[in-house]
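Each protein sequence line maps, in turn, to chains A and B. Mapping of the first sequence onto this note's numbering: position 18 corresponds to residue 58, and the numbering continues sequentially without gaps. Mapping of the second sequence onto this note's numbering: position 31 corresponds to residue 292, and the numbering continues sequentially without gaps.
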Amino acid sequence: ETGVTQTPRHLVMGMTNKKSLKCEQHLGHNAMYWYKQSAKKPLELMFVYNFKEQTENNSVPSRFSPECPNSSHLFLHLHTLQPEDSALYLCASSQVALAGGPLTKNIQYFGAGTRLSVL
Amino acid sequence: RKEVEQDPGPFNVPEGATVAFNCTYSNSASQSFFWYRQDCRKEPKLLMSVYSSGNEDGRFTAQLNRASQYISLLIRDSKLSDSATYLCVVIGNNRKLIWGLGTSLAVNP
Chain A
41 ETGVTQTPRH
51 LVMGMTNKKS
61 LKCEQHLGHN
71 AMYWYKQSAK
81 KPLELMFVYN
91 FKEQTENNSV
101 PSRFSPECPN
111 SSHLFLHLHT
121 LQPEDSALYL
131 CASSQVALAG
141 GPLTKNIQYF
151 GAGTRLSVL
Chain B
262 RKEVEQDPGP
272 FNVPEGATVA
282 FNCTYSNSAS
292 QSFFWYRQDC
302 RKEPKLLMSV
312 YSSGNEDGRF
322 TAQLNRASQY
332 ISLLIRDSKL
342 SDSATYLCVV
352 IGNNRKLIWG
362 LGTSLAVNP
């Protein structure tokens, strides 16, 4: 049983729809991440939040809008997506975000992901 | 040169074999290294952190070679259940986190 839960597990949406992905972690971590995983590509880090503050946005299109109301919850709001946005979206958490010091602080725990299809 | 590179494989080995994967990285000042395992259509899960002096966990051994800028993962006595994709991740001194594409392993009976 993972300490990071994502909903929904599967999502099919049209290009004009608006939907949100939800992530919740029960590990007492302070950092949360959104990743995109497409076939034959490495995991792409999209956003990083550390203590509720966004610390990284890796040139993600504005049609993806993250929200982090507290250290335990992370949302990804989607609107006017394109078919090439179809992918597995993974949420992860760690004690802190990309810190120096003990390796254990940087270990990321992943949710099961949301498999998104944009028609 | 890619920031983190892995041979995608697939590596096909018989049960009981020993297999090793490497992961090269371009930032010589990288500080943290990990191996994750990802089963088909599942999320990545931490397999091992990689310590400077090398570390072992049962059948798995991880090594760091700073001079040649790579980490390695050795699996001894392969089991069918070891079939998965093995991902390396590197955190640089610039706090940039980069994942490798992964190496696919298939252990055959």
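Yeah, the Cβ is synthetic: ideal placement off N, Cα and C, and Gly gets one too.
Contact with chain B is absent for residue 121(A), since none of that chain's Cβ atoms lies less than 8 Å from the residue's Cβ. Those residues of the region 146-157 of chain A placed with their C-beta closer than 7 Å to a C-beta in chain B are 146, 147, 150, 151, 152, 153, ordered along the chain. Residue 116(A) sits in a strand when the DSSP states are folded into three classes. Flagged as an interface residue toward chain A: residue 362(B), by a C-beta distance shorter than 8 Å. Taken through DSSP and simplified to helix, strand or coil, residue 146(A) comes out as helix.
For residue 121(A), no beta strand (DSSP E) run applies, since DSSP gives it neither H nor E. Put simply, of 364(B), 303(B), 292(B) the residue whose alpha carbon is nearest the alpha carbon of residue 336(B) is 364(B).
Excluding the 5 residues flanking it on each side, residue 289(B) has same chain C-beta neighbours closer than 7 Å at 330, in chain order. With a beta-carbon spacing of about 6 Å, residue 67(A) and residue 149(A) fall inside the 8 Å limit used to define contacts. The residues 265, 348, 350, in chain order, have a CB closer than 7 Å to that of residue 360(B) in the same chain once the five nearest residues on each side in sequence are set aside. Taking the Cα of residue 355(B) as reference, the smallest distance to any Cα among 319(B), 285(B), 291(B), 310(B) is reached at 291(B).
In the structure shown, residue 268(B) adopts coil according to DSSP, grouped into three states. Think of a sphere of 7 Å around the beta carbon of residue 82(A): the chain B residues whose beta carbon falls inside it are 360, 361, 362, in chain order.
Counting every other CB atom within 10 Å of its CB across the protein chains shown gives residue 82(A) a total of 16 or more, marking it as buried.
Under the DSSP definition of a beta bridge, residue 298(B) partners with 306(B), 347(B).
If the five residues before and after residue 52(A) are omitted, its C-beta is found closer than 7 Å to the C-beta atoms of 157, 159, all from its own chain and listed in chain order.
The residues 46, 128, 129, 130, in chain order, have a CB closer than 7 Å to that of residue 153(A) in the same chain once the five nearest residues on each side in sequence are set aside. Going by DSSP, residue 90(A) is part of the beta strand (DSSP E) stretching over 84-90. When the beta-carbon positions are compared, residue 118(A) and residue 72(A) stay at least 8 Å from each other. Here the C-alpha atom of residue 314(B) lies approximately 51 Å from the C-alpha atom of residue 54(A).
At least 8 Å separates the beta-carbon of residue 310(B) from that of residue 321(B).
Across the set 95(A), 79(A), 104(A), the C-alpha of 95(A) shows the shortest separation from the C-alpha of residue 70(A). Residue pairing by DSSP places residue 93(A) opposite 90(A) in a beta bridge. Using beta-carbon distances, residue 67(A) does not count as an interface residue toward chain B, since no partner is under 8 Å.
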